[in-house]
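Asks:
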Amino acid sequence: MPTPPPTGPLVTRDSLATELRGLGVRPGETLLAHSSLRSLGWVNGGAVAVVQGLLDALGPDGTLVVPTQTGDLSDPALWREPPVPEEWWRTIRATMPPYDPATTPTRGVGVIPETVRTWPGALRSAHPQTSFAAVGPRAAEVIEGHAPDCRLGERSPLAKLEAMGARVLLLGAGYDACTSFHLAEYRTPSPLVEVGRPGPAGWEVVTEVSITSDRFDELGHDFERDRPVIRGKAGAADVRLFPVADAVAYAERWLPLHRPRAEEFLNPPV
């Protein structure tokens, strides 16, 4: 059978930039984008055109930030999708390549962040599992100082973005992808967990705050109900735009009431 034609809408670099500006993306601002290419429709140029459109909307003085997480650099004993045989675990730990900001690909965050990671002039933070990449004049300010024992807390780019007055753009992504909520987990009572990963000198285990996106969809629903959130469309994608600081402050109040005991860290699917 012949492949059916795409249903659209047709999205281009220029149409995306125009729609984002119409929704309120401001030239010169710093934007933390969580995105889904598939949600947009038929994009002429794919992820490259989306990144170009985002950068066009931000202008030369704006900075684009994306999560470039690498959850596969983790303990194989925790892998679930799919699991690997237990007899492999020791070998996997002994031979897993350590994180390299320049070469380690993203995992589980989509093709748009991977495109930003390899963009000319992009900078990437140092955390081996929860890095961020940034393009623009404030990129170095955003990514520097990401502590290896602080995935998404006070010594991560999230706290920098909060202090800088950055905003979150959910471009076809849901609130379950909103990393800003994780910063609130570091500011509310949360258990600690041991996190295994490859390090420069071999397998290492660090103690970290337990993080999980469990119930983030509910948190996002309440946040959007109670706080000003810009809503609209870009192509076929639902768009949400709001300050990082607003999301963190709301989550700091919401989490102790609705999720009083943070669940154990859920390893991202690998």
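Under the UniProt record's numbering, think of the first position of the sequence shown as 1, with each following residue one higher. Beta carbons are placed, not taken as given, at the ideal position from N, Cα and C, and that holds for glycine.
Tell me, please, whether the stretch 148-164 touches the stretch 181-190 by the rule of three or more beta-carbon pairs shorter than 8 angstroms.
Replies: Short answer: they touch.
Asks: Within its chain, find whatever has a CB closer than 6 angstroms to the CB of P101; leave out the 5 residues flanking it on each side and keep chain order.
Replies: Excluding residues within five positions, the ones whose Cβ falls inside 6 angstroms are R124.
Asks: For D36, does the three-state DSSP call read helix, strand or coil?
Replies: For the record, residue 36 in the displayed sequence is Ser; it is not Asp. Three-state result, S36: coil.
Asks: Assess contact between the stretch 167-180 and the stretch 134-150, defined as three or more Cβ pairs (one per stretch) separated by less than 8 angstroms. Is contact present?
Replies: At 8 angstroms Cβ cutoff, the stretches do not touch.
Asks: Quick check on E154: buried or exposed, where buried means 16 or more other Cβ atoms within 10 Å of its Cβ?
Replies: Exposed, by the Cβ-count rule.
Asks: For T12, which of helix, strand or coil comes out of DSSP?
Replies: Of the three classes helix, strand and coil, the one that applies to T12 here is coil, per DSSP.
Asks: Helix, strand or coil for T179 per DSSP?
Replies: Three-state DSSP puts T179 in coil, outside helix and strand.
Asks: Alpha carbon to alpha carbon, how far is T7 from W119? Give it in angstroms, no decimals.
Replies: Taking the straight line from one Cα to the other gives about 29 angstroms.
Asks: Given 7 angstroms as the limit, tell me if V50 has its C-beta closer than that to any heavy atom belonging to the ligand FAD.
Replies: As far as ligands go, the structure on display features none, and thus does not contain the ligand FAD.
Asks: Using only the alpha-carbon positions, how far apart do D75 and P105 sit?
Replies: If you take the alpha carbons of D75 and P105, they lie about 18 angstroms apart.
Asks: By alpha-carbon positions, which one of G232, P97, V248 ends up nearest to L40?
Replies: The residue with the shortest Cα to Cα distance from L40 is G232.
Asks: In the structure shown, what three-state DSSP assignment does G199 receive?
Replies: In this structure, G199 counts as strand in the three-state DSSP scheme.
Asks: On the three-state DSSP scale, how would you describe W79?
Replies: Here W79 sits in coil by DSSP.
Asks: Which class does G232 belong to by DSSP, given the choice of helix, strand or coil?
Replies: Strand, per DSSP.
Asks: In the DSSP assignment, what are the bridge partners of P243?
Replies: DSSP output for P243 lists R167 as bridge partner(s).
Asks: Spell out the partners DSSP gives V193 in its beta bridges.
Replies: DSSP lists E208 as partners of V193.
Asks: If you follow the alpha helix (DSSP H) that L58 is part of, which residue opens it and which one closes it?
Replies: Looking at the DSSP string, the run of the alpha helix (DSSP H) that includes L58 is 46-58.
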